[in-house]
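Following: one structure in structure tokens, then a few remarks.
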């Protein structure tokens, strides 16, 4: 656990709104969305929840921020849980990847209903519903003011969508990765759902997160961001306009940096 407060750090300052016919050329963020949030805590997809999330992303994007999204699929399948019930892990993970694509298409639909031009790119080729994941093409979409949604994880088993979020953020040169969490509003000293003494941390370093075994985000995602000096914001998706505030760079949740 951290014994002293880390040095102050801030997310990059949001840029000014761009006119509709101008490229977005400033701050670029990668937003990780959990599948559990899309299901409203249940198996399947809640259209009202997805509509609300799309409205928040649209509001942040209209502020001139380039927004890419990595989708989870826990509202449909979770490979590790299926493995515990006897399914072969790699096959279970591929099923989970297909679940993320269903969520991508739902988010794309509601974003476009908000007037936001959107592209879905997937790590597993499925040309009838999405583009293949091509980093340079994704960057170009972002520069044109489109939201890009990444599905199918890394296209390989045994990789979490937390880790994929860090990898995608680095490859498309994001200024920050925004990890939204369902049921928790930041990083705590322990699990606040089971430990009444848990204290929320406003800021900490990746080193402290790893040595303190703080599992709110996968260790591999923490390590990738630490090694490449990429700030990570961990915040609760349940707060009012939390996604919009995170995209705009407001102080929310827990900021994790290389220190």
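Residue numbers (UniProt numbering): 1 to 259. From the three backbone atoms N, C-alpha and C, an ideal C-beta is built for every residue, glycine too.
Residue 229 holds the alpha-carbon nearest to the alpha-carbon of residue 207 among 186, 249, 229. In the structure shown, the three-state DSSP call for residue 258 is coil. Sixteen is the threshold: since fewer than 16 other Cβ atoms of the shown chains lie within 10 Å of the Cβ of residue 134, the residue is exposed.
Excluding five sequence positions before and after residue 201, the CB atoms of its chain that fall closer than 6 Å to its own CB belong to 187, 254, given in chain order.
For residue 143, no pairing in a beta bridge is given by DSSP.
Straight through space, the alpha carbons of residue 119 and residue 141 are spaced by roughly 8 Å. Following the DSSP letters along the chain, one finds residue 203 inside the beta strand (DSSP E) bounded by residues 203 to 205. A residue is called buried once 16 or more other Cβ atoms fall within 10 Å of its Cβ, and residue 68 is buried on that count. Residue pairing for residue 149: DSSP places it in a beta bridge opposite 69, 120.
Distance check between residue 65 and each of 247, 252, 256, 258 places 247 closest, using alpha-carbon atoms only. One alpha carbon belongs to residue 27, the other to residue 175, and they sit about 6 Å apart. Per DSSP, residue 165 is one residue of the alpha helix (DSSP H) stretching across 161 to 171.
In the DSSP assignment, residue 30 is bridged to 68, 177. Here residue 103 is buried. Its C-beta has 16 or more other C-beta atoms within 10 Å. Boundaries for residue 38: no beta strand (DSSP E) harbours it, while the alpha helix (DSSP H) harbouring it runs 35 to 38, taken from the DSSP string.
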